[in-house]
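*Asks:*
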Amino acid sequence: MDEVIKLGYLAGATRFRRISDKLYIDGNKLYSDEKVLFKAICFSAYYALSVSKKPLTVLDLANIIAFLT
Numbered sequence: 000m001d002e003v004i005k006l007g008y009l010a011g012a013t014r015f016r017r018i019s020d021k022l023y024i025d026g027n028k029l030y031s032d033e034k035v036l037f038k039a040i041c042f043s044a045y046y047a048l049s050v051s052k053k054p055l056t057v058l059d060l061a062n063i064i065a066f067l068t
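Counted the way numbering that gives the first Met the number 0 counts, the sequence shown spans residues 0 to 68.
1) So, with DSSP's three-state summary, where would you put isoleucine 18?
2) With DSSP as the reference, label valine 35 as helix, strand or coil.
3) Please state whether DSSP places serine 98 in a helix, a strand or coil.
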């Protein structure tokens with residue numbers, strides 16, 4: 000437990016990354032089981048494109064999904 004405390008934010012970030020990876024894996028399995036050709040990692044881009052009232056450039060899309068800061 001002392002090692003986790005020493006790592007601080009890094010330990011938290013690692014745990015969040017594992018949770019995120021697990022959600023992507025489970026999401027991909029769900030799509031695959033339903034025979035949907037889709038990757039969970041693409042969801043935010045597809046969603047942003049679907050709700051946009053105008054065509055988006057790659058830079059617009061990156062800004063919307065906070066890919067660039």
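We put the CB at the ideal spot given by N, CA and C, even for glycine.
*Replies:* So, to answer that:
1) helix
2) coil
3) Not covered by the structure: residue 98. The range shown for the chain is 0 to 68.
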